[in-house]
Amino acid sequence: MTQTTSAEDPKALVRRLLAPIASDMKAVDDVIRSELASDVSRMHEISDYITSAGGKRMRPALLILICRALGYKGDLCCYLGATIELLHTATLMHDDVVDESAMRRGRPTANARWGNGAAVLVGDFLYTRSFQMMVRAGNLRVMEALSNAANRLAEGEVIQMVNAHDPSVDETRYFRVIERKTACLFEAGARMAAAIAECSPEAEEAVAEYALALGNAFQIADDILDYTGVAKDIGKNLGADLREGKMTLPLIYARASATPEEQALIDEAVRKGDGDFDKITSIVIRSGTLDRCKTRAEQELERGRKALSQIPPSIFNSSLLELLSFTVRRDR
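Positions in the sequence shown are counted from 1; adding 60 to them yields this note's numbering.
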């Protein structure tokens with residue numbers, strides 16, 4: 061297996077990782093374009109704007125790679141990849157309204173450009189379209205996996221709202237949110253893949269465990285980028301999480317090791333959703349917190365590697381393994 065190197069261009073790396081399923085990913089995009097057809101012009105305009113924003117398509121890629129790693133030869137995986145991507149996009153649109161976000165993937169959010177009402181309604185359109193597609197697939201296990209994930213995503217959003225502006229949020233409460241808001245949809249993709257591949261229960265649990273670990277590591281990496289990334293690269297404003305009063309893992313770790321004066325600074329910023337972001341970033345970086353976060357992410361990666369070792373070797377398995385490393389090394 062070719063090892064990921066930090067010197068490799070991220071876009072080239074993604075192309076290499078997804079090369080075994082390149083035609084499948086093109087099929088996903090074709091399905092998405094077809095499913096967005098609507099005689100309501102504004103609906104089509106906003107849907108096309110959102111889905112063409114250049115997202116990583118991580119969830120469909122994960123679903124398809126797992127399908128192929130489990131020996132599935134058909135093309136239903138492409139249709140389901142589009143299904144899970146539309147559901148994911150719908151949740152992002154609703155999140156942006158709740159969080160009052162103005163930027164995503166390097167462009168104005170739908171709510172910033174067209175207003176909250178239009179963004180919520182188009183998010184509803186994408187959400188319900190994904191459920192129409194799920195029903196058309198005609199597989200009860202697929203329906204169960206995706207509907208369970210949709211329910212848990214809603215739970216995660218509510219828990220995050222409860223946690224907002226609360227500096228006492230700890231690591232346990234943090235993982236309770238990200239396992240619902242990020243990892244559960246990764247897991248759903250794995251279980252949908254297992255359902256159509258008709259693999260053994262043991263293989264399904266292995267790929268589900270891998271996907272949960274990947275999802276957790278992915279979110280930790282995202283939270284690290286909030287302090288180290290470049291706004292135009294990561295597609296959102298740096299410090300956005302702090303301004304929304306979110307206690308992410310870097311901030312949780314930094315607060316735990318901070319001086320009383322630094323803790324007071326962090327607490328006030330979280331409670332108010334405002335503060336000296338540069339000074340707080342300095343505290344986070346100086347404390348070695350980001351290295352501690354990377355170590356915690358690496359624990360998730362090891363959990364994923366262990367789970368994936370139960371699946372037979374293949375080029376698809378190799379891409380899944382390397383995807384773990386890419387998740388925490390990416391810069392956007």
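For each residue, glycine too, the CB sits at the ideal point set by N, CA and C.
Exercise for the section: Would you kindly work out how many angstroms separate the C-alpha atoms of glutamate 160 and alanine 72, rounded to a whole number? Expected result: By one-based count along the sequence shown, residue 160 stands at place 100. By one-based count along the sequence shown, residue 72 stands at place 12. Going by the C-alpha atoms only, they are around 33 angstroms apart.
Handout entry: Cα-Cα separation, valine 290 to threonine 341
Key = On the sequence shown, residue 290 is found 230 positions in, with the first residue counted as 1. On the sequence shown, residue 341 is found 281 positions in, with the first residue counted as 1. Residue confidence is low: valine 290 scores 48 on pLDDT, short of 50, so the model does not pin down where it sits. No coordinate-derived value is stated.
Problem - Buried or exposed (CB count within 10 angstroms, at least 16 for buried), glutamine 279 - result: Counting from one through the sequence shown, the residue named residue 279 turns up at place 219. By the 10 Å Cβ count, glutamine 279 comes out buried.
Handout entry: Residue range of the alpha helix (DSSP H) that includes tyrosine 132
Key = Looking up residue 132 in the sequence shown gives position 72. That residue, tyrosine 132, is in no alpha helix (DSSP H); it is neither H nor E in DSSP.
Exercise for the section: Could you tell me the distance, in whole angstroms, from the CA atom of glutamine 220 to the CA atom of leucine 325? Expected result: For the purposes of this step, residue 220 is taken as the residue at position 160 of the sequence shown. For the purposes of this step, residue 325 is taken as the residue at position 265 of the sequence shown. Cα to Cα, glutamine 220 sits roughly 22 angstroms from leucine 325.
Practice task
On a CA-only basis, which of Cys137, Ile106, Val74 is nearest alanine 87? Give me that one, please.
Solution key: Mapped onto the sequence shown, residue 87 falls at position 27. That would be Cys137, whose Cα lies nearest to the Cα of alanine 87.
Exercise for the section: Can you grab the Cα-Cα spacing for the pair threonine 65 / glutamate 145, in whole Å? Expected result: Stepping through the sequence shown from its first residue, residue 65 is reached at position 5. Stepping through the sequence shown from its first residue, residue 145 is reached at position 85. Residue confidence for threonine 65 is low, a pLDDT of 46 falling below 50, so the modelled location carries little weight; the figure read from the coordinates is stated next. If you take the alpha carbons of threonine 65 and glutamate 145, they lie about 28 angstroms apart.
Exercise for the section: Evaluate proline 310 with the Cβ neighbour count: other Cβ atoms within 10 Å of its Cβ, from every protein chain shown; 16 or more gives buried, anything less gives exposed. Expected result: In the sequence shown, residue 310 corresponds to position 250, counting from 1. By the 10 Å Cβ count, proline 310 comes out buried.
Exercise for the section: Report yes or no: do three or more beta-carbon pairs, one from the stretch 119–138 and one from the stretch 250–257, lie closer than 8 angstroms? Expected result: yes
Handout entry: Collapsed DSSP secondary structure at proline 168 in the structure displayed
Key = Here residue 168 corresponds to residue number 108 of the sequence shown, with the count starting at 1. In this structure, proline 168 counts as strand in the three-state DSSP scheme.
Practice task
Could you tell me whether the stretch 264–282 touches the stretch 238–245, using the rule of 3 or more Cβ pairs below 8 angstroms?
Solution key: Contact holds: three or more Cβ-Cβ distances are below 8 angstroms.
Problem - methionine 393 - DSSP class collapsed to helix/strand/coil - result: Residue 393 lies beyond the residue range present for the chain, which begins at 61 and ends at 392; the question has no answer from this structure.
Practice task
Can you grab the Cα-Cα spacing for the pair glutamate 358 / valine 100, in whole Å?
Solution key: As a working mapping, residue 358 is identified with position 298 in the sequence shown. As a working mapping, residue 100 is identified with position 40 in the sequence shown. Cα to Cα, the separation comes out at about 46 angstroms.
Problem - Rounded distance between the beta-carbons of aspartate 155 and alanine 179, thought under 8 angstroms - result: Translated into the one-based positions of the sequence shown, residue 179 becomes position 119. Translated into the one-based positions of the sequence shown, residue 155 becomes position 95. Not quite, the Cβ-Cβ distance comes to about 10 angstroms (not below 8 angstroms), so this is no contact.
Practice task
Classify methionine 307 as helix, strand or coil using the three-state DSSP reduction.
Solution key: On the sequence shown, position 247 is the one that residue 307 refers to. DSSP places methionine 307 outside both helix and strand once states are collapsed to three, so it counts as coil.
Exercise for the section: Would you kindly check if the distance between the Cβ of leucine 147 and the Cβ of alanine 210 is under 8 angstroms? Expected result: Along the sequence shown, one-based indexing puts residue 210 at 150. Along the sequence shown, one-based indexing puts residue 147 at 87. Yes, the Cβ-Cβ distance between alanine 210 and leucine 147 is below 8 angstroms.
Practice task
Starting from the Cα of serine 379, find the closest Cα among Asp69, Ile81, Pro70 and give me that residue.
Solution key: Residue mapping note: residue 379 aligns to position 319 of the sequence shown, counting from 1. That would be Ile81, whose Cα lies nearest to the Cα of serine 379.
Problem - Contact under 8 angstroms by Cβ, alanine 268 with alanine 281 - result: As a working mapping, residue 268 is identified with position 208 in the sequence shown. As a working mapping, residue 281 is identified with position 221 in the sequence shown. Their beta carbons are not under 8 angstroms apart, which means alanine 268 does not touch alanine 281 by this criterion.
Handout entry: Assigned exposure category for aspartate 230 - 16 Cβ within 10 Å defines buried
Key = Here residue 230 corresponds to residue number 170 of the sequence shown, with the count starting at 1. Aspartate 230 should be labelled exposed.
Handout entry: Straight-line Cα distance separating isoleucine 126 from lysine 366
Key = In the sequence shown, residue 366 corresponds to position 306, counting from 1. In the sequence shown, residue 126 corresponds to position 66, counting from 1. Whole-angstrom Cα-Cα distance: 15 angstroms.
Exercise for the section: Using the DSSP secondary-structure output, state which residues sit across from methionine 163 in a beta bridge. Expected result: Translated into positions along the sequence shown, residue 163 becomes position 103. Per DSSP, Pro168.
Practice task
Output yes or no for whether 8 angstroms exceeds the beta carbon distance between glutamate 149 and leucine 186.
Solution key: Looking up residue 149 in the sequence shown gives position 89. Looking up residue 186 in the sequence shown gives position 126. Per the sequence shown, residue 149 should be read as threonine rather than glutamate. Yes.
Exercise for the section: Out of Leu383, Tyr313, Thr319, Pro320, state which residue places its alpha-carbon closest to the alpha-carbon of arginine 352. Expected result: The residue you call residue 352 lines up with position 292 of the sequence shown. The shortest Cα separation from arginine 352 among Leu383, Tyr313, Thr319, Pro320 belongs to Tyr313.
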